[in-house]
Amino acid sequence: MLTCGGFAVPAAHAAPAVQTAQVCTVELDTEEFLKATDTAHRYLEREERLSQDRYASFLAAFPELASVETDVRRRIRDEELGIYLANEHFADPSTIEYRYAVERFAELGLPEDVAAWYLSRHAPTRTNVTPPMDEIEKYHALVATKGHIPVGAEDQAWFIHTGLATDTAGIAAGLQERFPQLTAPLAQRWAEKLATTPTYDNFRAVDAYAERFEAARHECKAQNLAGAKPQVPDLQPAASPGWPLITGIVMLLGLLGYGAFAYVTFYA
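Be aware that the sequence shown starts at 1, since it is given in the UniProt record's numbering, and climbs by one per residue.
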């Protein structure tokens, strides 16, 4: 519900009676507010969540690779190469572990750039992405509204469109952009799994909230524009050209009547 000036104002019946801009808010009940803040919190953690969901969706799309590391170790032992095995070797392109793993990916038609991405999870050091401070502050400000969320022109945009494709075709195109050697059929296969992950559900929820709050902001602006020029009725009656003439005739008759009375009284 959008309220303006503290009162609920339906868009079709907003009365343009106030000169100054009103404070507009979107009112959310407890359950709706919890959903909104949970969506915002999950979006803050989107980088870490997306990384996890990419790996999970990849294995769901290509379950044959779930044991790729185990298969490589077994092959090395069978070949009695006598080398030291370590997980971090899979992330190093100069190692035999990496080379054998890439060959396993190639058997499924997956290119090396995809294999390198998948194997990079074994790197000894990984970069943790921290959400931008302005997003963190905005999240805390949203929580502080307690469901009475201001949406006026001067208020911040609480949710912003992700700018990401969240449909299967769009996700597949994004995967091919990131991995140029990935074929369309395999990208589609992966995208079908990735589209159903919690991260992409969150992206869709953020976009939906962005549209909702943007519509509320436009509605608030329209109400304030309507209120800036109120149609105040003119309470003064319109002047009529007949009134001066009638008034003059009445005054003349009054004078004539008084003159006749005086004549009869003093001269009769």
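Virtual Cβ for every residue (Gly too), placed ideally from N, Cα, C.
Whole-angstrom distance between E154 and Q207, CA atom to CA atom: Within the sequence shown, residue 207 is the residue found at index 207, counting from 1. Within the sequence shown, residue 154 is the residue found at index 154, counting from 1. What sits at residue 207 in the sequence shown is Asp, not Gln. Approximately 21 angstroms, taken between the alpha carbons.
Endpoints, alpha helix (DSSP H) assigned at P185: Taking the sequence shown and counting its residues from 1, the one referred to as residue 185 is at position 185. Here the alpha helix (DSSP H) through P185 covers 184 to 194.
V129 in three-state terms, based on DSSP: As a first step, residue 129 is located in the sequence shown; it is residue number 129 there, counting from the start. Residue state, collapsed to three classes: coil.
Kindly examine the ligand ZN and report whether one of its heavy atoms sits closer than 7 angstroms to the Cβ of T30. Looking for the ligand ZN in the displayed structure turns up nothing, as the structure carries no ligands at all.
Rounded to whole angstroms, what's the CA-CA distance from P241 to A216? Just pull it up for me. Residue numbering aside, residue 241 sits at position 241 when the sequence shown is read from its first letter. Residue numbering aside, residue 216 sits at position 216 when the sequence shown is read from its first letter. Residue confidence is low: P241 scores 46 on pLDDT, short of 50, so the model does not pin down where it sits. Its coordinate-derived value is still stated next. P241 and A216: Cα-Cα distance of roughly 51 angstroms.
Nearest neighbour of I160, chosen from T25, L65, I171, T39 [CA to CA]: On the sequence shown, residue 160 is found 160 positions in, with the first residue counted as 1. The residue with the shortest Cα to Cα distance from I160 is T39.
Do the region 20 to 36 and the region 117 to 132 make contact, defined as three or more Cβ pairs closer than 8 angstroms? no
Pick helix, strand or coil for P63, following the three-state DSSP scheme. Your numbering for residue 63 matches position 63 in the sequence shown. Note: P63 maps to helix in three-state DSSP.
Taking V26 as part of the alpha helix (DSSP H), name the residues at either end of that continuous run. Working through the sequence shown from its first residue, we reach residue 26 at position 26. Unbroken run through V26 is the beta strand (DSSP E), 24 to 27; no alpha helix (DSSP H).
Closest by CA to T197, which one among I171, Q156, A222, L182? Locating residue 197 in the sequence shown gives position 197, counting from the first residue. Nearest C-alpha to T197: I171.
Out of curiosity, what's the CA-to-CA distance linking V143 and T37? Counting from 1 along the sequence shown, the entry for residue 143 is found at position 143. Counting from 1 along the sequence shown, the entry for residue 37 is found at position 37. Whole-angstrom Cα-Cα distance: 7 angstroms.
One or two residues paired with P150 in a DSSP bridge: Start at 1 with the first residue of the sequence shown, and residue 150 comes out as number 150. DSSP lists T25 as partners of P150.
Please say whether C220 and V151 have beta carbons closer to each other than 8 angstroms? Position 151 of the sequence shown, counting from 1, holds the residue named residue 151. Position 220 of the sequence shown, counting from 1, holds the residue named residue 220. The answer is yes: Cβ separation under 8 angstroms.
In the DSSP assignment, the alpha helix (DSSP H) including R73 goes from what residue to what residue? Mapped onto the sequence shown, residue 73 falls at position 73. Here the alpha helix (DSSP H) through R73 covers 68 to 78.
Classification of R121 by the beta-carbon crowding that lies within 10 angstroms, buried from 16 upward: In the sequence shown, counting from the first residue as 1, residue 121 sits at position 121. Exposed, because fewer than 16 other Cβ atoms sit within 10 Å of the Cβ of R121.
Throw me the rounded Cβ distance for the residue 288 and N224 pair, which I believe falls under 8 angstroms. Since the displayed the chain opens at 1 and closes at 268, residue 288 lies outside it and no answer follows.
Note the first and the last residue of the continuous alpha helix (DSSP H) segment covering A169. The residue given as residue 169 occupies position 169 in the sequence shown. Looking at the DSSP string, the run of the alpha helix (DSSP H) that includes A169 is 168 to 178.
Cβ neighbours of G109 in the same chain (closer than 7 angstroms, five flanking residues each side left out): What you label residue 109 is simply residue 109 of the sequence shown in a count that begins at 1. Within the same chain, G109 has close Cβ partners T183, L186.
Outcome for E64 when other beta-carbon atoms lying within 10 angstroms are tallied against a minimum of 16: Reading the sequence shown from its first residue, position 64 is the one you call residue 64. Flag for E64 reads exposed.
Nearest by alpha-carbon distance to I83: which of A60, R73, V23 is it? The count along the sequence shown starts at 1 and reaches residue 83 at position 83. Cα-wise, what sits closest to I83 is R73.
Go ahead and label L50 buried or exposed: buried means 16 or more other beta carbons lie within 10 angstroms of its beta carbon, across all protein chains shown. Residue numbering aside, residue 50 sits at position 50 when the sequence shown is read from its first letter. L50 comes out buried.
When DSSP labels each residue in this structure, what does S57 get in the three-state scheme? One-based indexing of the sequence shown puts residue 57 at position 57. Residue state, collapsed to three classes: helix.
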